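There are 2 protein chains.
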Amino acid sequence: MAVHVLAVLAYKEGDRVTSAMLAGSVNTNPVIVRRLLLSLQRARLVETRKGAGSGSRLSRSPGRINLAEVYRAVEAVEPFASPARKANTACPVGHCIRKTLNQVFASAENALERDLEKTTLAGVIGMIKASCPGAAKKAG
Amino acid sequence: MAVHVLAVLAYKEGDRVTSAMLAGSVNTNPVIVRRLLLSLQRARLVETRKGAGSGSRLSRSPGRINLAEVYRAVEAVEPFASPARKANTACPVGHCIRKTLNQVFASAENALERDLEKTTLAGVIGMIKASCPGAAKKAG
DNA sequence: ACAAATGTAATCTTTACGGTTACTAATTAA
DNA sequence: TTAATTAGTAACCGTAAAGATTACATTTGT
Chain V
1 MAVHVLAVLA YKEGDRVTSA MLAGSVNTNP VIVRRLLLSL QRARLVETRK
51 GAGSGSRLSR SPGRINLAEV YRAVEAVEPF ASPARKANTA CPVGHCIRKT
101 LNQVFASAEN ALERDLEKTT LAGVIGMIKA SCPGAAKKAG
Chain Y
1001 MAVHVLAVLA YKEGDRVTSA MLAGSVNTNP VIVRRLLLSL QRARLVETRK
1051 GAGSGSRLSR SPGRINLAEV YRAVEAVEPF ASPARKANTA CPVGHCIRKT
1101 LNQVFASAEN ALERDLEKTT LAGVIGMIKA SCPGAAKKAG
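Structure follows, in structure tokens:
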């Protein structure tokens, strides 16, 4: 969803867009969008102003925002499940596996982010326009 | 959890291990382990037999099972959230973004799996033994 | 002052995952 | 052949996370 919102903002080329409009595109509720925008603000990806006639816009050009930044901004939980209960420390494997898996998963997540870094928001917009002839220029 | 179970099986070097024993190491319920083992069986990573004195073991040597296979065997949902509701097709971005994001996410997931491929179960066991002096050889 | 937006809290629903119990089916061992 | 052991599986519960919704305070522009 984060990428969707940011893509709309990129599409609007710096115009301020309200959470209600963004919610309309994502087909969700403005409050959901605002909560997401808070995360994106913290990551310095968007700028938001309150008040009449305001809204949000990208804080950088779409070519200078890559999807790894977006991923990190909204990443809620680890992509790999950690068991709810602690492993049995009486078992030698259970006792020591956590540290090992953390290493392996950190490496995998790093590989994921390296790949996401290759795509910018501008790239996403380009792909959308290429794959969808109708998406010419700013509409609703 | 899947990696944990497989690590125990690798640690036991081909001995058959019951779901109750595996559950003991992971500190969970045998039924949970059995459900997981079904996925691993479908992926031809473990062999399981019923009956007294039976249980599960790896169907290949630990050096020939990598974590990408494990990931694919137990992968339940897409790692990237898809919105519950469909995007608003009246918005040009909403209309066409899904296909684009699927491409990007497929690439990212591929990068993830390429990285996981680099680690085998034997590697995991080696890391555990290295990081944890107590994990010498088969205990409980 | 008023209208338009965001920030934010409270609550509800849905979904996924793990946990638990209970039962059936298969296989081994005595 | 009988009994014990073990996996397969269904049914149901509890919990946690994400989104959905409503409501309200706060800020800002006209």
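These protein sequences, in sequence, are chains V and Y. Okay, so the first sequence: first residue is 1 according to the working numbering, each after it adds one. Okay, so the second sequence: first residue is 1001 according to the working numbering, each after it adds one. For each residue, glycine too, the CB sits at the ideal point set by N, CA and C. A quick note: this is a predicted structure, and the numbers were derived from the prediction, not measured.
Closer than 8 Å is the cut-off here; do at least three beta carbon pairs connect the stretch 31 to 41 of chain V with the stretch 94 to 104 of chain V? no
Identity of the residue in V/S61, V/T119 and V/E69 nearest Y/N1102 by Cα: V/T119
Start-to-end residues for the alpha helix (DSSP H) that takes in V/T100: P92 to L116
Which same chain residues, not among the five before or five after V/S19, have their C-beta less than 6 Å away from its C-beta? P30, V33 and R34
Spell out whether any CB of chain V is found under 8 Å from the CB atom of Y/N1102. no
With DSSP run on the structure shown, which of helix, strand or coil describes V/L45? coil
Please tell me whether V/V104 and V/L6 are closer than 8 Å, where the distance is taken between their beta carbons. no
May I ask you to report which of helix, strand or coil DSSP gives Y/R1072? helix
According to DSSP, what are the bridge partners of Y/N1066? Y/T1120
Spatial neighbours of Y/A1073 within its chain, please: CB distance less than 8 Å, with the 5 preceding and 5 following residues excluded, ordered by chain position. A1002, S1039, L1040, R1042, A1043 and L1045
Using alpha carbons as the reference points, say which of Y/T1028, Y/L1116, Y/L1009 and Y/G1053 lies closest to V/K86. Y/T1028
Would you please verify whether the beta carbon of V/G55 is less than 8 Å from any beta carbon of chain Y? no
Per DSSP, what kind of secondary structure is Y/R1060 in: helix, strand or coil? coil
What residue from V/M21, V/D115, V/A68 and V/A90 has the CA that sits closest to Y/V1026's CA? V/A90
Do V/R57 and V/L9 come within 8 Å of each other at the CB atom, strictly closer than that value? yes
Could you list which residues in chain Y have their beta carbon closer than 7 Å to that of V/I97, in chain order? H1004, A1007 and I1128
Counting only the same chain and skipping the five closest in sequence on each side, list residues whose C-beta sits under 6 Å from that of V/A122. P62 and G63
Can you grab the Cα-Cα spacing for the pair V/S54 / V/T48, in whole Å? 8 Å
Can you confirm whether V/A20, when its beta carbon is compared against all beta carbons of chain Y, has any partner nearer than 8 Å? no
Quick one: is Y/G987 buried, meaning 16 or more other Cβ sit within 10 Å of its Cβ, or exposed? Because chain Y is modelled from 1001 through 1140, residue 987 of chain Y falls outside the range shown and cannot be assessed.
Less than 6 Å between C-beta atoms, sequence neighbours within five positions excluded: which residues of the same chain meet that for V/G140? Reliability of the predicted coordinates at V/G140 is poor, the pLDDT of 42 falling under 50, and the value obtained from them is presented with this limitation in mind. Excluding sequence neighbours, V/G140 sits near nothing in its chain.
Listing by chain order, which chain V residues have their CB less than 8 Å from the CB of Y/A1087? H4, S25, V26 and N27
Is there at least one Cβ from chain V nearer than 8 Å to Y/D1115's Cβ? yes
What three-state label does DSSP hand Y/V1026 in the structure shown? helix
Of all the residues that make up the stretch 67 to 80 of chain V, which are near chain Y by a beta-carbon distance shorter than 7 Å? L67 and P79
Quick one: which chain Y residues come within Cβ less than 9 Å of V/S107? D1115, L1116, K1118 and T1119
Roughly how many angstroms lie between the CA atoms of Y/P1079 and V/P79, to the nearest whole one? 7 Å
Would you give the residue range spanned by the alpha helix (DSSP H) that Y/V1005 belongs to? A1002 to Y1011
Simplified DSSP assignment, three categories, for Y/K1138: Only weak support is given to the placement of Y/K1138: the predicted model assigns it a pLDDT of 45, under 50, and the value that follows is read from those uncertain coordinates. Coil at Y/K1138, not helix or strand.
Pick helix, strand or coil for Y/V1033, following the three-state DSSP scheme. helix
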